[in-house]
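Okay, so here's the structure we're looking at.
Protein chains: 2
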Amino acid sequence: MSRTADRPAQEEALSRAVWDVLAQQGLERLTVRAVATAAGCTTGLVMHRFPNRRALLRHARELLHETSRRRVEALEAAAGSPREALRAVLRQGMAIDAESINGSVVWIGFLAAAFADDELIEIHRRNNGLWRQRLERLVRAAAPEWPAARAATVAVALGAMVEGAAAFAAADPAAYPADLQEELLGATLTAYGLAD
Amino acid sequence: MSRTADRPAQEEALSRAVWDVLAQQGLERLTVRAVATAAGCTTGLVMHRFPNRRALLRHARELLHETSRRRVEALEAAAGSPREALRAVLRQGMAIDAESINGSVVWIGFLAAAFADDELIEIHRRNNGLWRQRLERLVRAAAPEWPAARAATVAVALGAMVEGAAAFAAADPAAYPADLQEELLGATLTAYGLAD
DNA sequence: GCGTTACGGTAACATTCGTTACGGAAAGAG
DNA sequence: CTCTTTCCGTAACGAATGTTACCGTAACGC
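In the order they appear, the protein sequences are chains A and B. Here my numbering is used: the first residue of the first sequence is 1, the next is one more, and so on. Here my numbering is used: the first residue of the second sequence is 1001, the next is one more, and so on.
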């Protein structure tokens, strides 16, 4: 063999470049050239790592999910109680600092792109289903006395509220500051009887 | 003068074509030619009605807001009680049939486009602020005994839940059917003590 | 009926897109 | 040191984009 490039590391760097472009320039300017520029390389490397643009987006979407899954599992493991775990996991889905605001913008960009790409929408649905299952499990642990149907409904309601709040905050951070979002989460958990 | 074209009607038809393309092909395929084809004309008419593509998108976005505002006000006027009005207004924000699912897809498309267009994001923020004020007013009417801060928080929480649920349903209608969304709304209103 | 004027379709423009092909260069094998 | 193999930047391709210019045409005033 000759020189060996660290392909996984390059693929991850390119995926992060996809996130950057999506966060700072939007879906319409998410071109192969823009990604290459953001990654500090040329289109040559991009097209040698991925067969085409769609595969690049798919990889970036999968890696985004994987990253957030790892973060969520760490939060869950670090939590002192089921209700603490539920709150922490929901909280990380909101857009409460510059990084998570960027994350929400990227999330919305991928969602919009998915409507024009069957494979992206498939990835979205699978990940959303896993997210829903996770929330359901956390709610069941936080309220063991509830019937299963109640836990399922409340889990989706909580997930939807967090997702919507993150979208609001991503589009207008000044109007939806961090403390407002924290208050939303606290009020909602309290309303459902899931606060500490 | 010579022949007089019904410019407002044409502009509305073109805006509706923008919605159609956004709903059926996604933001990435939202081109001037695609809009013209969907409207049954050529790019010539489009570019004679709007100075450029961005102005076309802006008009379509404004008209979308105006349309939904009228629908919401009709629901509000037809409601028999403040709580009925609140529920009806929130319900119409969800994606419970083919038309409202399309509406949610379009809404997400415009939001994603707004991140790359200062004027679009400005329109979004203004409309979102009006939507927030409306919900706040409806919540105050539905729970007159609440302090203002409580009403404001709950209004945003309700709006975020509806928006998130609509996004979930738009991306995966089979996993988030109409009755599930109705149940989400009912459970959330009940949790806040705002159900009938 | 005729001339004028706005209307909008046609076609072209430069630019940018995704993708492909090529070639120079760097690193390991012998 | 040399040969070989992999890596990736360069440059080009055709297609598609937003936008502009042009021109036939249909309707209205007279």
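All C-beta atoms in this analysis are idealised placements derived from N, C-alpha and C, irrespective of residue type, glycine included.
- For M1047 (chain B), the enclosing alpha helix (DSSP H) stretches over residues 1043-1049.
- The residue among B:H1048, B:A1170, B:A1036 with its C-alpha nearest the C-alpha of I121 (chain A) is B:A1170.
- Contacts with chain B at 8 Å (Cβ-Cβ) include L27 (chain A).
- Counting only residues of its own chain and dropping the five nearest sequence neighbours on each side, L1027 (chain B) has a CB closer than 8 Å to the CB of G1109, A1112, A1113.
- When DSSP states are grouped into helix, strand and coil, A79 (chain A) belongs to the coil group.
- Closer than 7 Å at the C-beta level to chain A, one finds these residues of the stretch 1107-1119 of chain B: I1108, G1109, L1111, A1112, A1113, A1114, F1115, A1116.
- Where R1016 (chain B) is concerned, the enclosing alpha helix (DSSP H) starts and stops at 1007-1024.
- Our two residues, A178 (chain A) and A77 (chain A), have alpha carbons roughly 24 Å apart in a direct line.
- DSSP places M1094 (chain B) outside both helix and strand once states are collapsed to three, so it counts as coil.
- Residues of the same chain with a CB within less than 6 Å of the CB of D20 (chain A), apart from the 5 flanking positions on each side, are A38 in chain order.
- Taken atom to atom, the span from the alpha-carbon of M1047 (chain B) to that of A1055 (chain B) is near 10 Å.
- Its chain contains L45, R49 as the residues whose beta carbon lies nearer than 8 Å to that of Q10 (chain A), once the 5 sequence neighbours on both sides are disregarded; these appear in chain order.
- Chain A has no Cβ within less than 8 Å of the Cβ of F1050 (chain B).
- Looking only at B:V1018, B:L1063, B:L1090, B:D1172, the smallest Cα-Cα distance to V1035 (chain B) is reached by B:V1018.
- Contact of T31 (chain A) with chain B is not assigned, every C-beta pair being separated by 8 Å or more.
- No Cβ of chain A is located within less than 8 Å of the beta carbon of D1179 (chain B).
- In this structure, DSSP gives T1031 (chain B) a state outside helix and strand, which the three-state scheme calls coil.
- Close to D172 (chain A), with beta-carbon spacing below 9 Å, are these residues of chain B in chain order: I1121, H1124, R1125, N1128, G1129.
- Non-local C-beta neighbours of R71 (chain A) in its own chain, meaning closer than 7 Å and more than five positions away in sequence, comprise Q92, ordered along the chain.
- Nearest neighbour of L130 (chain A) by Cα position, chosen from A:G186, A:V162, A:H65, A:I101, turns out to be A:H65.
- The alpha-carbon of R1126 (chain B) is positioned some 11 Å away from that of Q1133 (chain B).
- Burial state of T1190 (chain B) is exposed, judged by a 10 Å Cβ sphere holding fewer than 16 other Cβ atoms.
- If you draw a 10 Å sphere on the C-beta of R1007 (chain B), you find fewer than 16 other C-beta atoms in it, and that means exposed.
- Among the residues facing chain B, L184 (chain A) is included, as its CB has a counterpart in that chain under 8 Å away.
- Around S1100 (chain B), the same chain offers Q1092, M1094, A1166 as residues with beta carbons nearer than 8 Å, after the five sequence neighbours per side are excluded.
- Taking C-beta atoms as the reference points, F1168 (chain B) and N128 (chain A) count as a pair closer than 8 Å.
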